[in-house]
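Chains as they are written, first to last, in my numbering: chain A, 33 to 698; chain B, 33 to 698; chain C, 33 to 698.
Here is the structure we will look at.
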């Protein structure tokens with residue numbers, strides 16, 4: 033786990049020591065006439081709001097022209113908030129450059145892989161590496177820090193907004209220059225870069241740093257150098273982190289005592305930002321999360337919250353945005369069913385969130401997100417949404433004792449690795465159907481189904497303390513990681529890994545001699561060829577499960593390797609599908625196909641049993657309830673639409689309503 | 033209905049007063065050697081052709097170089113036509129700029145949203161707002177008007193061709209300049225624009241007109257400002273209309289007595305041009321229509337013809353292009369079945385067309401449309417197509433008394449609104465599956481199925497005279513339109529509207545307080561949240577019908593609101609699906625889901641019955657026959673492939689052959 | 033058949049006269065440390081390798097800067113090869129320009145149809161028409177020829193690599209200039225171009241060559257001039273051929289005795305290069321082939337090999353690349369099943385290949401093709417792949433007597449025509465579902481199913497010697513080709529052709545008077561309209577077969593035309609589906625729908641029987657075995673996964689193992 037240089041929570045303007053959970057939203061008063069602001073204050077008090085994020089998209093309002101500043105409205109709002117006992121998470125407002133800036137400096141606009149300019153009209157139309165943008169952004173940050181650094185409402189700084197949501201990949205000449213500098217720092221010599229990128233292939237050897245480019249659009253039907261692609265992903269994440277650091281460092285100069293954060297977008301397929309590396313930059317971690325519809329929607333929320341909680345080192349984190357009901361950016365946007373609003377919020381709390389905030393306070397009447405739900409919907413306060421919001425506010429008030437309590441570590445963990453994610457899904461691979469995060473989520477669902485808590489932890493964190501570690505599609509295994517995995521098993525740990533793990537080193541060079549090169553000895557098997565499956569191919573296993581996506585041609589090469597499950601159909605029929613090599617008290621297991629939640633659940637039951645990791649739920653509640661623990665507080669989350677008898681956990685006669693969350697404090 | 037400043041029909045060169053229906057085609061003699069021209073004349077007489085559209089793509093032939101003109105060939109063709117008693121609808125020939133012009137002035141080439149130049153090679157590669165193109169086009173128009181303004185064959189001027197078919201959206205710097213001027217005219221102040229565009233969201237406030245741009249490619253995964261998008265659609269339609277006006281005004285200077293038209297492309301999903309606004313610019317309305325294959329193909333033809341007829345204010349209009357058989361621009365191009373050629377043509381006549389013309393006279397041997405059918409196909413005159421053409425010519429001769437008779441207004445109407453079409457299908461909405469015109473067409477099919485005639489009329493026209501008005505997906509309802517709808521119902525009118533109606537004002541700002549804000553009181557209901565459905569979701573209604581696409585969470589808030597149909601499944605189970613609020617003799621009904629023709633037909637039967645609007649067909653013929661009325665002429669159109677006994681309508685023993693059209697004159 | 037000016041096979045460094053089959057791979061020693069090179073030599077000897085292709089992507093290694101050369105490593109490799117008796121097919125290394133060149137001369141980078149630059153990062157990022165690239169490439173060729181022209185290991189020159197695989201279509205200004213020159217040579221006058229391109233349509237008449245452009249991105253929804261598109265395809269193939277000639281001519285100046293080749297990519301849908309015209313440029317023909325997965329995968333291999341063999345005039349050709357197992361460029365890349373490696377290789381030999389080579393010798397650890405299989409896989413020599421490779425090496429050694437023997441011509445042929453391929457699949461056609469090569473392959477499968485050998489021969493070759501000629505979708509039939517086909521039938525030949533044949537001349541102008549204009553009289557029928565089918569449409573024929581894709585409205589117009597099969601459903605029900613016109617001893621048959629292999633097999637049985645062309649296999653083996661003949665050697669290829677009793681062909685008791693190939697020498 034990356035160790036944060038420091039962790040500092042919100043500076044509460046009033047009663048700083050009183051434990052409380054933060055509750056609020058993005059607040060965009062500039063969208064409404066002033067007369068609405070007082071109504072807002074009243075309604076916020078009704079709902080129990082105690083914090084808002086402010087000024088997120090206010091650059092054009094604060095600085096209407098190059099040398100003109102307008103703080104009066106913001107002064108008024110800050111004072112108004114403070115007057116009502118509401119704290120402000122004040123944004124640096126740099127997320128969306130105003131029209132005057134892009135008109136004067138079109139050279140800050142990003143350029144995509146195809147050479148197309150990204151134009152203004154939406155948001156985040158700035159190059160992470162533009163020195164011109166950087167200078168203007170820092171000028172704004174300084175102005176805000178100077179004016180509001182001592183304002184009593186100020187609880188935290190909010191750098192930019194959802195950094196990288198739309199502009200993580202920029203192929204402009206600014207990006208090219210910065211990419212070269214980044215590569216020089218990484219590799220030192222052009223020879224080292226040539227080795228890492230394997231440029232002897234296809235005559236790509238660079239003679240000079242100036243010849244290096246981002247992986248812009250290649251010849252049709254061809255693919256740019258894979259390590260160039262991978263390094264560009266690494267660089268792009270780092271370039272945004274540089275921007276984060278620049279704003280943060282400036283803020284710290286002005287207000288060393290105010291904590292600084294930025295809102296991650298750790299959810300679903302958002303993958304461009306290496307949050308495991310970013311987390312250490314912040315005083316506290318914040319995240320935005322929106323439910324991805326589908327059968328694993330709630331599990332995905334829990335998975336993301338769990339990972340955020342572990343990125344935060346178990347300390348409180350801030351749910352900066354989620355939605356009260358429908359969003360506006362999916363093809364079809366469904367409203368939340370009754371109960372889901374609270375269950376979603378409290379599941380985040382269960383995984384360590386001490387702040388529950390929404391986008392946004394009052395649903396917009398105009399603009400691109402007017403159909404995104406809010407705390408006050410278009411229908412107004414006389415609405416089920418606002419009633420549910422108010423009810424949630426009360427619940428959070430009651431849960432004040434939870435605030436500050438750390439996540440209780442589980443005995444099992446799932447390793448999550450951004451580099452394996454990026455690398456395993458690159459082009460020119462055995463199969464372009466591999467989905468890293470989906471496999472990880474399937475394992476998480478299997479843990480939920482069994483009532484075994486599992487922490488989702490970054491692969492370069494300190495996971496050695498866990499008894500059972502699942503590493504799905506751990507494609508990229510540099511030597512030090514291989515060494516750690518071996519030491520873990522040697523020390524009695526139980527490792528489970530899957531297909532397409534241990535294949536390449538940090539340069540995406542294949543470990544030779546038979547797959548999975550980096551883990552071959554540890555797993556006690558050897559694979560000569562991969563057996564990826566077509567979309568309509570299924571293979572049967574002798575435990576009754578069905579594999580899709582992938583198979584391997586496994587040869588067992590160590591007598592300690594036990595074959596747990598075999599293929600009964602397909603090209604690997606008769607060969608091992610799942611193996612487990614015992615190594616003293618420890619073990620290393622391998623699952624060579626995609627089993628999905630239905631197939632993984634019973635298999636994981638076996639593997640956990642042999643690892644001595646038991647379920648924490650009575651049999652009747654396994655699958656129906658998610659258990660999460662913070663200190664003395666046990667969160668029981670009803671994953672189903674039916675009431676559940678939870679007497680065994682919460683005392684006689686206690687029933688967990690459909691979609692409800694109960695907190696049992698011991 | 034927009035009132036035309038004047039309506040003037042073709043100037044027939046011979047026997048100007050004699051009633052007749054025009055019959056002909058686009059005639060492109062420049063594609064053929066001169067010896068073919070005399071054969072053309074002979075065959076035109078055989079077929080009954082009395083008019084052709086000429087010189088549509090002849091710019092390069094007429095003006096082969098910047099300062100060179102070649103009229104000799106066109107003189108000869110005009111004389112030849114006149115010698116054979118065939119009139120000419122003479123094009124201004126500006127639709128496709130010749131190579132010398134684009135080579136000398138590449139700055140007239142459009143630029144798409146992604147910044148890509150639209151190159152020559154096809155047609156319509158010109159920016160509607162290019163001053164350079166405009167000057168060259170008008171020079172050509174003047175030359176043609178001067179030379180042929182007094183030619184005896186000249187029956188009408190044909191401005192350009194299918195304006196906007198390929199170039200309606202241009203994002204070039206010329207377009208940006210013109211867009212800014214258009215916005216200044218619309219909004220007056222930059223502050224008014226900022227309000228309309230809700231630019232406080234995402235920091236988009238403009239300080240100066242020069243900062244405003246077309247909605248060019250935004251950050252990936254993001255969306256440009258919705259009102260910017262909507263205004264760009266409005267502007268783009270207007271910019272083309274400006275071009276139309278410029279050519280027309282010049283023509284009127286030269287030949288004040290010659291009527292001017294241009295051919296609309298009112299069909300299917302062609303939506304960029306606001307024809308309800310354009311119609312008033314013309315001396316008479318002309319349209320091109322091609323059948324869209326599928327179960328509602330014929331209904332769509334009738335719907336389009338009906339709307340064109342109403343845009344023409346009930347006066348005669350000109351079917352400028354349709355096809356004798358297959359087209360060439362669909363993935364698979366089917367030939368017409370026997371009878372369809374005549375039925376398609378006569379259905380247009382039934383809805384007011386006094387001219388029936390085809391693209392084109394003689395099928396090309398080369399070029400991009402050589403596989404598009406024509407009056408003389410590749411097979412030549414010895415072909416079923418040419419025989420059917422000749423037969424149609426005779427039929428039209430017999431129908432001469434129909435010429436000039438007005439459409440007989442129906443008692444019911446369907447409102448059609450380009451602005452609601454554009455706005456309801458914008459991005460970032462509750463569902464991106466909404467299809468405005470499909471819903472309107474479904475209602476039209478329901479009317480056809482019931483044998484109730486309905487006029488398709490523009491929403492800003494004078495529809496108050498109708499007894500029953502259906503307004504499908506009337507998404508955009510500015511205050512004045514809301515007032516008109518209320519007054520209509522107050523005066524005893526019967527209004528039916530659907531899901532996603534009455535939601536926004538003219539800036540696409542949501543009417544607050546509960547949906548549908550603009551119609552909430554009139555309908556006597558309130559909706560807190562939308563319930564859009566996923567593609568595979570179906571909901572059952574208690575009248576046995578099935579809803580798709582959309583549902584609403586309806587609360588009835590007025591005792592006069594009757595629930596006609598309820599949901600029995602899905603998230604709204606038990607709630608109202610269809611309501612009707614009686615208001616004195618009038619009523620306002622609401623249909624909250626997509627029922628399709630099968631579900632709408634019985635529902636409309638009920639609504640029409642309660643509105644006192646009866647079927648005009650005997651029960652046995654409902655659905656099988658479409659009835660259309662022009663003055664004393666009743667058109668019976670066989671929608672089926674079987675013979676129909678139409679004794680009840682046309683006299684004893686009369687049978688309507690499969691796919692046939694019978695005209696019964698009283 | 034194009035006559036090669038000369039045919040010269042490999043110059044074997046040792047024992048030049050000894051018959052042998054070449055065996056080897058692309059060898060890329062620059063990807064590995066020098067210590068691996070000696071291991072390579074040892075393992076090559078183990079495997080039986082006697083030739084390698086060298087330096088294919090070595091430009092950056094050979095010429096690391098503009099004026100710097102590094103031959104030392106290549107000297108060492110060449111010497112090492114020669115020391116082990118391994119010959120070198122030495123590449124000119126021009127396929128992938130190095131970073132220093134593109135950095136200094138970005139004007140050599142191709143530009144796509146949308147105006148997007150093709151950037152470095154992959155390979156083949158060069159404009160075929162760039163004078164700057166050409167000069168640099170020829171400088172490299174000269175340097176290599178000078179240094180290695182007399183090296184004893186040198187067996188052949190390998191120009192560039194897979195010319196056109198990614199860069200055949202370039203729309204840059206260089207391309208525009210070259211296109212204009214090409215057009216001037218083709219047409220002489222701008223008037224002739226205007227006629228050919230039918231520019232009277234859409235006002236496209238050119239006044240000057242300088243106005244002509246490649247068919248760059250047109251207006252959306254529109255299509256560039258079809259003959260412009262077709263000529264651009266012709267030009268693009270020729271432009272690459274020009275590059276091939278330039279390298280070849282320079283090589284011949286230096287080393288007149290060394291044969292020159294380049295590796296075609298005649299397989300699947302690779303279509304941009306008119307290999308029938310290119311073949312004559314080479315001293316011997318070489319091809320790369322990768323199996324396209326699916327039920328006709330092996331047939332497609334045979335079809336391609338057969339065509340390559342005929343392009344080579346029946347003389348030996350060189351299989352330059354294929355794969356030992358999985359490739360890396362498909363969505364899902366399947367390993368080969370046991371036996372397939374050898375069967376694939378030997379099927380090429382059966383069709384005339386005297387060299388069997390793979391991409392590549394040793395599987396890369398890094399770079400874009402690291403997951404492409406090789407002779408030595410990632411697993412190393414201890415692998416089934418390397419064992420199968422070694423076994424194949426032994427088999428090829430045993431087959432040495434086959435070397436140099438010509439393909440034995442069949443009695444039947446399938447005409448293959450690049451121009452009909454290009455033209456029949458252009459846009460704006462009756463159906464965009466037509467697939468030229470798929471129809472040709474279906475006929476080939478039908479021949480295989482019947483045990484009748486058929487040669488796949490270019491349409492402009494000398495196919496008059498065949499008794500039965502099938503010309504599928506021979507869309508483009510200029511007058512001379514029509515005359516040849518008539519003469520062939522007049523002379524007693526049996527012609528079979530299909531839907532969408534004989535439609536246009538060399539300019540894609542339709543032959544008028546009824547389809548198929550160029551073949552109407554020969555076939556004795558006339559078609560007024562096409563009847564293309566939608567994707568889900570099927571029509572029944574009275575022989576029990578089923579048609580898809582296409583039907584024709586056929587009228588028989590000659591009494592000698594016999595209707596063999598009729599439609600029983602669909603719009604043509606009752607009309608002819610398959611006809612045959614007898615003409616003395618000859619005949620001309622027409623198949624008007626797509627029957628697929630299942631429908632074509634029995635139909636072809638009938639047509640072949642009436643043409644007097646018998647099966648060469650006993651009934652029990654038809655379909656199961658492919659027969660190919662080289663001189664006295666009969667190749668029996670087991671198309672199935674089961675053992676076959678081939679006593680009848682190979683002698684008593686002989687069994688052909690699953691997927692095996694047996695060579696029976698008489």
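Cβ atoms here follow ideal geometry from the backbone N, Cα and C, with glycine treated the same way.
- Message: Just to confirm, is the Cβ distance from residue 399(C) to residue 233(A) under 9 Å?
- Response: yes
- Give me the Cα-Cα distance between residue 413(C) and residue 681(A), rounded to the nearest whole angstrom. 59 Å
- Task: Using a Cβ-Cβ cut-off of less than 7 Å, list which residues of the segment 90-101 of chain A approach chain B; keep chain order.
- Result: 90, 91, 92, 93, 96, 97
- Message: Let me make sure I understand the geometry here. Which of 363(C), 334(C), 392(C), 420(C) has the alpha-carbon closest to that of residue 373(C)?
- Response: 420(C)
- For chain C, find out if any of its Cβ atoms is closer than 9 Å to the Cβ of residue 362(A); answer yes or no. no
- Task: For chain D, find out if any of its Cβ atoms is closer than 9 Å to the Cβ of residue 670(A); answer yes or no.
- Result: In the structure shown, chain D cannot be found, because the protein chains are A, B and C.
- Can you give me, in chain order, the residues of the segment 137-159 of chain B that have a beta carbon less than 7 Å from any beta carbon in chain A? 146, 147
- With a Cβ-Cβ cutoff of 9 Å, do residue 555(A) and residue 525(A) count as a contact? no
- Query: So which of 104(C), 274(C), 106(C) has the shortest CA-CA distance to residue 163(C)?
  - Reply: 274(C)
- contact_flag[the segment 218-234 of chain C, the segment 174-193 of chain C] where n(CB pairs < 8 Å) is 3 or more: no
- Message: Tell me the rounded alpha-carbon separation between residue 141(C) and residue 334(B).
- Response: 53 Å
- Give the interface partners of residue 622(A) over in chain B, defined as CB-CB distance under 9 Å, in chain order. In chain order: nothing, as chain B lies at least about 37 Å away.
- Message: For residue 250(A), tell me which candidate among 198(C), 248(C), 261(C) has the shortest Cα-Cα distance.
- Response: 198(C)
- Curious, which full-length alpha helix (DSSP H) runs of at least 4 residues does the segment 34-98 of chain B contain? 66-79, 91-94
- Item | Buried versus exposed call for residue 156(A) [16 or more other C-beta atoms within 10 Å across all chains shown] | buried
- Query: Sorted by chain position, which residues of the same chain lie with C-beta nearer than 6 Å to residue 698(C)'s C-beta, five sequence neighbours on each side aside?
  - Reply: 664
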